[in-house]
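Colleague: Attaching a single structure in structure tokens format; questions to follow.
Number of protein chains: 2
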Amino acid sequence: MQVPIKEVVSIFKRNIERDKLRNTPSRITILKAAYSHKGHFNAETIYNTVKGDAQSVSLATVYNTLELLQKYGLVRTHKFSNQHTEYEATLGYAQHDHMICLDCEKVVEFCDPRIQMIRETMGELLEFEVEKHALNLYGHCRKASCEKAL
Amino acid sequence: MQVPIKEVVSIFKRNIERDKLRNTPSRITILKAAYSHKGHFNAETIYNTVKGDAQSVSLATVYNTLELLQKYGLVRTHKFSNQHTEYEATLGYAQHDHMICLDCEKVVEFCDPRIQMIRETMGELLEFEVEKHALNLYGHCRKASCEKAL
DNA sequence: TTGTGTGCAAAAGCTTTGCATGTTG
DNA sequence: CAACATGCAAAGCTTTTGCACACAA
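Which chain is which? The protein sequence lines are A and B, in order.
Heads up: the first sequence is residues 36 to 185, going by the numbering used here.
Heads up: the second sequence is residues 36 to 185, going by the numbering used here.
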């Protein structure tokens with residue numbers, strides 16, 4: 036269920052036109068770089084991906100643009116246990132949550148329909164309009180490949 | 036269902052002895068300060084609470100000790116959307132999750148038994164021993180007191 | 001006494017900001 | 001051409017680290 040990058044760009048352009056912001060090469064470059072990563076990435080990753088290319092960008096612009104993309108719902112942000120903010124593309128990817136191994140820090144994605152029910156129940160009960168959520172399960176994976184951090 | 040602080044201290048001491056670590060005044064002070072806060076707090080909060088007291092501590096020690104308390108299951112840590120790590124006491128407090136208002140940043144606690152089922156299902160499916168989880172719902176509260184951040 | 005814990009200040013890491021310069025519409 | 005966006009470097013914040021001194025066991 037991949038969405039063509041052209042369509043993503045076109046959605047982005049529609050958003051910035053509506054907001055009377057500017058369609059700059061840097062922004063498009065960062066958007067494309069964000070969608071070229073399969074899983075999670077951070078600002079530094081994008082910066083390094085693009086650095087050296089014809090259209091390279093500054094780290095500050097990466098941060099600014101990722102925030103813009105988040106406002107438009109084109110990327111999600113996560114705070115796992117490490118220091119920096121992790122991002123991921125949303126369009127064409129199913130809503131999902133994360134299981135994180137406390138030993139090897141592997142991150143596995145999963146879906147469970149019951150989370151949607153919890154959102155609805157709690158939204159009603161607490162009188163919130165729930166917009167998004169983050170569910171992280173932390174544990175120990177039983178894979179042989181799991182290398183204990185210590 | 037408050038647990039007397041004496042009991043908390045005694046549990047802490049038992050852990051320290053088992054690990055052959057040292058029972059220092061600073062550690063006890065920080066433990067007590069952590070349990071004197073009702074909700075969430077951060078390292079700076081603890082530091083300020085204790086600063087000026089007979090037994091004051093350094094910020095570095097606060098961080099070290101909070102990490103130790105987390106290992107012993109005496110505090111939980113959270114990363115909401117703001118910069119710093121938030122902590123909360125666990126003993127005597129029911130396991131719960133958080134609803135966060137994107138406008139006024141209010142945090143409301145809730146419980147939903149279905150989260151336990153998700154933990155079990157996903158632990159089995161993905162072959163993880165789930166140890167803990169964090170579920171944050173983000174949305175807009177409909178209270179009059181809600182002041183839009185902007 | 002011995003090694004662990006503490007405090008202080010400096011360093012580190014991620015993110016934001018200020019300002020002069022470039023570019024878009 | 002006016003306003004917005006960018007790049008660079010510096011500042012900001014939270015958290016970690018190094019080292020000399022203090023102190024629990």
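Glycine included, every Cβ here is placed at the ideal spot set by N, Cα and C.
Roughly how far, in whole angstroms, is the beta-carbon of A/His-131 from the beta-carbon of A/Glu-121, given that I think they are within contact range, below 8 Å?
Modeller: Not confirmed; about 14 Å, so no contact.
Colleague: Is B/Glu-144 near B/His-75, with beta carbons less than 7 Å apart?
Modeller: No; because the gap between Cβ atoms is not below 7 Å, this pair is not in contact.
Colleague: Consult DSSP for A/Leu-126 and reduce its assignment to one of helix, strand or coil.
Modeller: It is coil, neither helix nor strand.
Colleague: For B/Arg-154, count neighbouring C-beta atoms within 10 Å of its own C-beta (all shown protein chains included) and say buried if the count is 16 or more, exposed if not.
Modeller: Buried, by the Cβ-count rule.
Colleague: Can you give me the C-alpha to C-alpha distance between A/Glu-166 and B/His-175, rounded to a whole angstrom?
Modeller: So the alpha carbons of these two residues sit roughly 8 Å apart.
Colleague: What does the Cβ neighbour count give for B/Asp-54, buried or exposed, with the cut at 16 atoms within 10 Å?
Modeller: Result: exposed.
Colleague: Is the beta carbon of A/Ala-69 sitting closer than 7 Å to the one on A/Val-85?
Modeller: Not closer than 7 Å, so no.
Colleague: From the DSSP output, read off the bridge partner residues of A/Gly-174.
Modeller: Beta-bridge pairing links A/Gly-174 to A/Cys-136 and B/Val-165.
Colleague: Taking only the alpha-carbon atoms, compute the straight-line gap between A/Met-206 and B/Leu-160 and give it to the nearest angstrom.
Modeller: This structure gives no information on residue 206 of chain A, because the portion of chain A shown stretches from 36 to 185.
Colleague: Using DSSP bridges, identify the partner residues of A/Thr-112.
Modeller: A/Tyr-122.
Colleague: Can you check whether the CB of A/Ala-78 is closer than 7 Å to the CB of A/Val-26?
Modeller: With chain A covering only 36 through 185, there is no way to say anything about residue 26 of chain A.
Colleague: Along the chain, which unbroken stretches of the alpha helix (DSSP H) at least 4 residues long are found entirely within the segment 37-103 of chain A?
Modeller: DSSP runs (the alpha helix (DSSP H)) wholly in the segment 37-103 of chain A: 40-53, 60-71 and 78-85.
Colleague: Evaluate A/Cys-136 with the Cβ neighbour count: other Cβ atoms within 10 Å of its Cβ, from every protein chain shown; 16 or more gives buried, anything less gives exposed.
Modeller: So A/Cys-136 counts as buried.
Colleague: Since B/Leu-8 and B/Tyr-82 are thought to touch, with beta carbons under 8 Å apart, how far apart are those beta carbons, to the nearest angstrom?
Modeller: Residue 8 of chain B lies beyond the residue range present for chain B, which begins at 36 and ends at 185; the question has no answer from this structure.
Colleague: Quickly, what does DSSP pair B/Glu-32 with across the bridge? List them, please.
Modeller: Any question about residue 32 of chain B goes unanswered here, given that chain B covers just 36 to 185.
Colleague: With distances taken from CA atoms, which of A/Ile-40, A/Pro-60, A/Cys-181 and A/Val-38 is nearest B/Glu-164?
Modeller: Of A/Ile-40, A/Pro-60, A/Cys-181 and A/Val-38, the residue nearest in Cα terms is A/Cys-181.
Colleague: Chain B beta carbons: is any one of them nearer than 7 Å to that of A/Arg-49?
Modeller: No, A/Arg-49 lies away from the interface with chain B (no Cβ there is under 7 Å from its Cβ).
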